[in-house]
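Residue numbers (the numbering used here), protein chains in the order written: chain A, 1 to 518; chain B, 1 to 387. Glycine included, each C-beta is placed from N, C-alpha and C at the ideal position.
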């Protein structure tokens, strides 16, 4: 694109030229060029590990580039640390907020930008600014509220306010909608549009194509450390962007025939779970899943979905009745553990594969027996049959296209998508009656998402019952035969995918039922 | 990913060697500071421990002790349990040995050794069982409870030896009667006189028991289902729960195994050497076992080598205090502490630069595909570098 010699363009808020950064032998950014026009919303998309975060970290002074230059507002700028980035007018909203939980909104906004030794004048100034911003951009947050009492959407607004208070002209948001309900995301987008119309420049890092199409003016695509394309959003389509990200054609829709539900496999009545703090997490769940059916559980993270999976998977205590194939399952006592559940025909792909589904330091072949290590085929006498595990692993890797297909590689050395394929292969190939699957494609590349969705649908078509928990509404809509929405430990509504839309589900996820949701 | 750039030989040999060299270098400075000749001290240290059959006899005797305690700590490490109660568990192991040998007239040392091993392991395991139970069911932190149990064990031993097991007319020294002649374990002198061990060498057949214990632990941890479960639990408790592995069971079993292995030390120290139970049969070996397990990375081969190193330091250090005027036991402790510091705590100080060296020298044979960090034990995890 731009040769290093051309004069800077003052119309550009940010211009990067030839940015390169390596970590040891890994080249995270290769000769990146990026031009972000002032007063636009510029999306940066790419798969996990494409180098988006590295690039933004360089821009915000966390890393120093090995080569290349950064121009801010047409001026060559060195950004050795984040203070320099702030001074240059760059504000960053991280995926994981950096707020002091027990401070008020006002204190958080002022923190680190106090003027003078006394707090009062700074606080007064911030209060005034906050009020003005609330009027201008619908950024309503109570300045005196304590952060831990606020919802995530509001906490995110505080992060944006912090950046604006530091007079940021350029706002970088890293995966901002990951934790938001659709309604909150819409609200965020209204705020961002308002800021853009005021002349601010916004960089949005995301992997959600729908959002990119909805809100950005320009999109840059990264793949394997390189900037592969920059296009006007109006001139492109999700399919084209997906192809640019992955490097090949990707099927974004899930191809599936209508479900042919059989007999009920799982019946749950009045299931309740209370956590160790004594908080009731599941407040009486009733549900039923039939053979050959995918029940999708939608909801904002933290509304009891994890507890539902854990109690069904056998490692959380609960009360109520669970019947599998017309037989009651013990919810208490020594026989109530994950091993017994597996023996009864429940397989489980957990929400957090790195924490639960895999031992990250175990090699792939050790992980393919995880949870099934009592199986006779993996044991010979008092010893484990490591050769059998290795052979089983190699076969699974081939069938599930795990890359690299090396059973001796530790789980932590596979990409997120390939880790998930290992877990999926292990659980699906057990031929379970019921598959519990949580966040099947979280942190998984688009190319692998397609494959994983195909596998789930294929299992359904073999007549298995599937309980799918996901915070991605797109995924729920695409895969489910029925959708249950969870809110505050309850199933607040059930819909058929053909008879609902994201808007209605979004309202249910926010706890609004009945006529209000219709 | 940085942990994959180093060849295995550098990982298991080069880095520990540099660590050790640094520790000895700083020790040399300390020795020089108190006005002694560091080169002479090093000579005595090395010569006194491995320079003669006499020295080897003691070095390997200490090594045997440290293998047992090191293995015990290592097994607990694999379950991410920090058993620092080795002193107490080994002392109780000594009690087990003494009870078995004092009150049963054994016809031959082989049966007696078997019975004493069972007694030692049982008592050591029993002493570990209470902290393990408290950890598994009540969440009482095992570091706290095991160390408290060291003090209880110590008090218990004093009481038993001065009131209950005291041999009548022993002249006030709190110890039991001597074990019967029939249960005397063959010493290295008796087994292999041609190797030149002195008649008084404490090294005895227990050394082979220690080697058998190494093999046992290796098989247990890397070949059995229990070992698989222990390691899985140690790496991630949520994952263990997900897989149906009971944390209570693993905590109990691995602590019992740990205490049992540590208790076995008494077969060497009490049955093999002292041939009676004295007031402190452990002599700090329980704590050295922690360093041995750390340095040996909880792998039996590593534990064996680390135990050998610490055995040599113990013996050579003893010679040093004996030979050089003004060299006190405390200096030996300083040297041992420096070895632990450099090989354990400051490991990354040496490791990172060497990794970078390897990373830069073998840059660019094409793609940055991650290669396997084939590390069998790897439990006390090394620091991970940035992605």
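**Report entry** Minimum Cβ-Cβ distance from residue 384(A) to chain B less than 8 Å
**Finding:** yes
Query raised in the report: Based on Cα-Cα distance, which residue from 71(B), 347(B), 286(B) lies nearest to residue 12(B)?
Result: 347(B)
Query raised in the report: Taking a cut of 7 Å between CB atoms, which residues from the segment 60-94 of chain A lie near chain B?
Result: none
Query raised in the report: Among 269(A), 216(A), 213(A), 171(A), which has the Cα closest to the Cα of residue 200(A)?
Result: 171(A)
Query raised in the report: So what's residue 246(B) in DSSP terms, helix, strand or just coil?
Result: coil
Report task. Can you tell me which of the three DSSP states residue 203(B) falls into? Result -> coil
Requested in this report: Can you give me the start and stop residues for the alpha helix (DSSP H) that residue 215(A) sits inside?
Outcome: 209-215
Query raised in the report: DSSP three-state call for residue 321(A): helix, strand or coil?
Result: strand
Requested in this report: With residue 340(A) as the anchor, note down where its beta strand (DSSP E) starts and where it stops.
Outcome: No beta strand (DSSP E) holds residue 340(A); the alpha helix (DSSP H) holding it covers 338-344.
**Report entry** Validate contact between the segment 77-95 of chain B and the segment 125-142 of chain B using beta carbons, cut 8 Å, 3 pairs
**Finding:** yes
Query raised in the report: DSSP state of residue 42(A), grouped into three classes?
Result: strand
Requested in this report: Could you tell me the distance, in whole angstroms, from the CA atom of residue 475(A) to the CA atom of residue 90(A)?
Outcome: 34 Å
Report task. Could you say if the segment 260-270 of chain A and the segment 463-472 of chain A meet the contact criterion of at least three C-beta pairs nearer than 8 Å? Result -> yes
Query raised in the report: Considering only residues of the segment 99-163 of chain B, which uninterrupted alpha helix (DSSP H) runs meet the minimum length of 4 residues and lie entirely inside it, listed in chain order?
Result: 109-133, 142-159
Query raised in the report: If we cut at 8 Å on Cβ distances, does residue 136(B) have a partner in chain A?
Result: no
Query raised in the report: From 45(B), 34(B), 21(B), 157(B), pick the residue whose C-alpha is nearest to that of residue 88(B); which is it?
Result: 157(B)
Query - Nonlocal neighbours in the same chain, by C-beta distance under 7 Å from residue 119(B), ignoring five residues either side - result: 96, 97, 99, 100
Requested in this report: Check each residue of the segment 353-383 of chain A: if its Cβ is closer than 9 Å to any Cβ of chain B, include it; give the result in chain order.
Outcome: 354, 355, 356, 357, 358, 359, 360, 361, 362, 363, 366, 369, 370, 371, 372, 373, 374, 378, 379, 382, 383
Report task. Keeping to the same chain, check which residues put their C-beta closer than 7 Å to that of residue 280(A); ignore five residues upstream and five downstream. Result -> 272, 274, 489
Requested in this report: Please go through the same chain and pick out, in chain order, the residues whose beta-carbon is closer than 7 Å to the beta-carbon of residue 61(A), but skip the five residues on each side of it.
Outcome: 79, 80, 81, 82, 84, 85
Requested in this report: Please compile the residues from chain B whose C-beta is within a distance smaller than 8 Å of the C-beta of residue 350(A).
Outcome: 242
Query raised in the report: Exposed or buried, residue 108(B), counting other C-beta atoms within 10 Å across all chains shown (16 or more means buried)?
Result: exposed
Query raised in the report: In chain A, which residues lie with their C-beta within 9 Å of the C-beta of residue 238(B)?
Result: 315, 350, 352, 355, 356
Requested in this report: Report the three-state DSSP secondary structure of residue 465(A) (helix, strand or coil).
Outcome: strand
**Report entry** Check whether residue 187(A) and residue 153(A) have beta carbons under 8 Å apart
**Finding:** yes
Report task. Please list the partners that residue 58(B) has in chain A, where partner means a Cβ-to-Cβ separation under 8 Å. Result -> Going along chain A, no residue has its Cβ under 8 Å from residue 58(B), so there is no contact; the nearest lies around 37 Å.
Query raised in the report: So which of 59(B), 34(B), 33(B), 123(B) has the shortest CA-CA distance to residue 45(B)?
Result: 59(B)
Requested in this report: Identify each residue in the segment 73-96 of chain B for which the Cβ-Cβ distance to at least one residue of chain A is less than 8 Å, and report them in chain order.
Outcome: none
Query - Unbroken beta strand (DSSP E) run spanning residue 277(A), endpoints - result: No beta strand (DSSP E) holds residue 277(A); DSSP gives it neither H nor E.
Report task. Would you please verify whether the beta carbon of residue 133(B) is less than 8 Å from any beta carbon of chain A? Result -> no
Requested in this report: Tell me, please, whether the CB atom of residue 246(B) is closer than 8 Å to any CB atom in chain A?
Outcome: yes
Requested in this report: Give the residues of chain A in contact with residue 274(B), contact being defined as C-beta atoms less than 8 Å apart.
Outcome: The contacting residues do not exist; residue 274(B) stays about 36 Å from chain A at best.
Query raised in the report: Any C-beta of chain B sitting closer than 8 Å to the C-beta of residue 337(A)?
Result: yes
Report task. Take residue 385(A) as the anchor and find which of 225(B), 361(B), 317(B), 301(B) has the nearest alpha-carbon. Result -> 225(B)
Query raised in the report: At what residues does the beta strand (DSSP E) containing residue 102(A) begin and finish?
Result: Per DSSP, residue 102(A) belongs to no beta strand (DSSP E) and is neither H nor E.
Query raised in the report: Of all the CB atoms in chain A, is at least one closer than 8 Å to the CB of residue 235(B)?
Result: yes
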